[in-house]
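Worksheet: the structure to be examined is printed underneath.
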Amino acid sequence: MSWIVLVLSGVLEAVWATALDRSQGFSRFWPSAIFVTALIASMAGLAYAMRELPLGTSYAVWVGIGATLTVVYGMATGAESVSLLKILFLAMIVGGVVGLKTLH
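Adding 382 to a residue's 1-based position in the sequence shown gives its number in my numbering.
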């Protein structure tokens, strides 16, 4: 159960990071509200997962999922450039996350 919560928390990290960008310095209400809600839920999920999983593994998986999804979203919307090297490095992050799950 902790791994499922951790993965969902990583997804929510991408949500709050994207909402933070769209809030334009907290000047827009709905993106700011989504940011706060997703941030609280993401942190709560990380804290829950860390009750059973090691700190380093939990944090690395959480950040890896969030960062990867944030960049992929940016590339899909045109806000980020797409390159073969960028895709390769994102695949390496995903491989690291899978490796950490495999080792645990």
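For every residue, glycine included, the Cβ atom is placed at its ideal position computed from N, Cα and C.
- Leaving aside the five residues that flank glycine 478 on each side, the residues in its chain whose CB is nearer than 8 Å to its CB run, in chain order, Ala442 and Gly446.
- In the DSSP assignment, proline 413 falls within the alpha helix (DSSP H) that extends over 411 to 431.
- The alpha-carbon of glycine 407 is positioned some 10 Å away from that of alanine 401.
- A straight-line Cα-Cα distance of about 20 Å links alanine 399 and phenylalanine 471.
- The alpha carbon of tryptophan 444 has as its nearest neighbour, out of Met383, Leu388 and Ser409, the alpha carbon of Leu388.
- The alpha-carbon separation between histidine 486 and serine 409 amounts to approximately 42 Å.
- The three-state secondary structure of glutamate 395, taken from DSSP, is helix.
- Counting along the chain, leucine 482 sits inside the alpha helix (DSSP H) bounded by residues 466 to 485.
- The continuous alpha helix (DSSP H) containing glycine 446 extends over residues 437 to 459.
- Within its own chain, the residues whose Cβ lies closer than 7 Å to the Cβ of alanine 449, once the five positions on either side in sequence are excluded, are Ile475, listed in chain order.
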